[in-house]
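Following: one structure in C-alpha cells, then a few remarks.
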DNA sequence: GTCTATACCGTGATAGAC
DNA sequence: GTCTATCACGGTATAGAC
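Protein chains in written order, with my numbering: chain A, 1 to 226; chain B, 1001 to 1226.
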C-alpha cells in the first residue's frame, strides 16, 4: 500500500461513513465552529447546514458541548499520530545522533502544512478551530487535553539538538512557535492584506519553509543567553 | 510633568469619568468579551456586572456590536500612540543610522508588556480581547482597521535594520512575531502548565526579554535566505 | 436503532412607556 | 435617563414515525 500523505486521507475524508447524517453534522459543526466559535453558532444553524432535523445533533452527541468535543476530538488523534510518527522518523533517520533543529521543526510542522493544503476544506476548518481554542482562556484546556504529550516530545527533541540551553528557554521558544503556528492555522488572510499581496495567505509552502528557518535561528539564538 | 509609563495611566484608569455608569459598562463588557468573545457574552451579563439596567448599554452604544466596537476602540488609540512614540524615540536615538533590531522590537513590544504588568486588570483584559480578534476570520478586520499603520511603520524600520532582506520575508517574519505576540496577549496560562511551572505566565519581563532576543535572531536568519 | 415534529421554558435584544 | 413589556430565538426533552 502506497502512503503518499502524512495524514492518511482515507482515514477520514473517504471514510465509509462519509455522507451519512452523523458525519454531515460533524462537518457542518466543524465549519461553523471554525468560523464563529462555540457561542457564535446555534444548533439550529448546524442542523440546517447539515440538512438534518434540529434534534438530531442532540440525539447523537447529547449536547452542544458534546458535539463540540466530538468535532475537536475527531481529527486530534490523526494529527497526533501523523506528527508523532514524523518526529520518530527523523529521530531514526539521524541514527544515534540528535536530529537537526530544522528536521525536528519540519517533522512538527509539515503535517499541518499538508492538512491546510488539502483540497477538502475539512482540515482547514479544523485548523482554524484549533487556533481559536488555543487563544481562548476558557477553551485552552482542550489543547492541553489533546496535545500536551506531542508537545513535550517535541521540546525534548529540541533539547537534544541544543544541549546546554536552559529548559525554560526551550519552553519560551515553544511558546513563540505555538503562537506563530496558531496564527498560521487561523488562516485569517491578514498577512496577505497587510503585505499588499506580497505574501499570499494560501502559500503554505513558503510560509512553513520560512517558519522552519526562522524558528531554527530563533532557538539557536537562545543558546547564547545562558 | 513626569512621565514614568509609556501609556499614560491618567488617560484612562484615573480619568475623571471613571466609576460612572457609562464607563462601568465599558469595563464590564471588556472583561466579559475578553474571556468569552462577542457571542459568548450577553447584554444581561454585562449589565449585571456593571450594576446597571439591561437597557442602559443599548441606550449608550446602540447595540451589542456598537458596545464591542467602543470597547475595542477605547484603548486602541492609546496603544497606537504609545508604540508609535517608542518607535520614533529609538529612531531619534540612533541619530542618522538605523536602530538595531533589538531596539525596534523593544519599542514595538514594551508598551504591551507594560500594559500587561498594570495592576488594574483593564489592560490585561483588553490584550486578551485583541488576541481573540486577531485569531478570528470574522473579527480580524478590526485589527486591520486599528493597527495597520503602526505595523507598516514597524516593518519599514525592520527593513532599514536588515537591508537586502526581501520585503516579503520581512512580512513573514512579522507574521510570526504577530502570532507569538498574540498568544502572549491571550495570556491563557498554557505555557506555565506545559512547562510544569518552569515558565510563569505572569512573568512578562522574562517573556518579552526572550521574545526580543528570539525574534531578532529569527529576522537576522532570513537575510541568509536571499 | 435512527430520525422527525413539536413543545417547553429560559433568555436575548430592543422598543416604547414612564 | 430609566425600567418594563414584548417577542424572537436559544438549547434541549420527548413522543412517536419509520
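For every residue, glycine included, the Cβ atom is placed at its ideal position computed from N, Cα and C.
Assign residue i to buried or exposed, taking buried as 16 or more other Cβ atoms, counted over all protein chains shown, within 10 Å of its Cβ.
i, result
"residue 1208 of chain B", "buried"
"residue 175 of chain A", "buried"
"residue 187 of chain A", "buried"
"residue 119 of chain A", "exposed"
"residue 59 of chain A", "exposed"
"residue 1196 of chain B", "exposed"
"residue 1226 of chain B", "Unreliable positioning characterises residue 1226 of chain B in this predicted model, as indicated by a pLDDT of 43, which lies under 50. A coordinate reading is not provided."
"residue 62 of chain A", "exposed"
"residue 1097 of chain B", "exposed"
Just reading off the alpha helix (DSSP H) that residue i is part of, what are its end residues?
i, result
"residue 1026 of chain B", "1021-1036"
"residue 190 of chain A", "190-194"
"residue 69 of chain A", "64-93"
"residue 1112 of chain B", "1101-1117"
"residue 54 of chain A", "Counting along the chain, residue 54 of chain A falls outside any alpha helix (DSSP H), and DSSP gives it neither H nor E."
"residue 1162 of chain B", "Unbroken run through residue 1162 of chain B: none, as it is neither H nor E."
"residue 122 of chain A", "121-134"
Kindly indicate which residue of the options has the alpha-carbon position closest to the one of residue i.
i, options, result
"residue 134 of chain A", "B:1019, B:1028, B:1035 and B:1024", "B:1035"
"residue 1206 of chain B", "A:59, A:168 and A:49", "A:168"
"residue 54 of chain A", "A:131, A:89 and A:22", "A:22"
"residue 136 of chain A", "B:1128, B:1138 and B:1140", "B:1128"
"residue 5 of chain A", "A:113, A:69 and A:27", "A:113"
"residue 1076 of chain B", "B:1089, B:1086, B:1197 and B:1150", "B:1150"
"residue 1041 of chain B", "B:1126, B:1028 and B:1052", "B:1028"
"residue 139 of chain A", "A:180, A:65 and A:102", "A:65"
"residue 26 of chain A", "A:132, A:173 and A:123", "A:123"
"residue 80 of chain A", "A:68, A:49, A:184 and A:143", "A:143"
"residue 1210 of chain B", "A:78, A:72 and A:172", "A:172"
"residue 1125 of chain B", "B:1074, B:1051, B:1191 and B:1153", "B:1074"
"residue 1121 of chain B", "B:1132, B:1031, B:1093 and B:1193", "B:1031"
"residue 1078 of chain B", "B:1177, B:1146 and B:1182", "B:1146"
"residue 20 of chain A", "A:44, A:43, A:45 and A:51", "A:51"
"residue 1203 of chain B", "B:1100, B:1099, B:1062 and B:1116", "B:1116"
"residue 1109 of chain B", "B:1132, B:1191 and B:1178", "B:1178"
"residue 1141 of chain B", "A:180, A:24, A:184 and A:193", "A:193"
"residue 1148 of chain B", "B:1100, B:1180 and B:1084", "B:1084"
Residues in the same chain with beta-carbon distance under 6 Å from residue i, minus the five sequence neighbours each way, listed in chain order, please.
i, result
"residue 1165 of chain B", "1222 and 1223"
"residue 1107 of chain B", "1086, 1087 and 1090"
"residue 92 of chain A", "none"
Which of the three DSSP states, helix, strand or coil, is assigned to residue i?
i, result
"residue 139 of chain A", "coil"
"residue 46 of chain A", "helix"
"residue 200 of chain A", "coil"
"residue 1041 of chain B", "coil"
"residue 1098 of chain B", "coil"
"residue 7 of chain A", "coil"
"residue 169 of chain A", "helix"
"residue 1187 of chain B", "coil"
In chain order, what residues of the same chain lie with their CB nearer than 8 Å to the CB of residue i, ignoring the 5 residues before and after it?
i, result
"residue 1189 of chain B", "1201"
"residue 1170 of chain B", "1155, 1158, 1159, 1162, 1219 and 1222"
"residue 1102 of chain B", "1212, 1213 and 1216"
"residue 182 of chain A", "130, 131, 134 and 135"
In chain order, what residues of the same chain lie with their CB nearer than 7 Å to the CB of residue i, ignoring the 5 residues before and after it?
i, result
"residue 47 of chain A", "53, 54, 56 and 57"
"residue 38 of chain A", "68"
"residue 1033 of chain B", "1041, 1068, 1071 and 1129"
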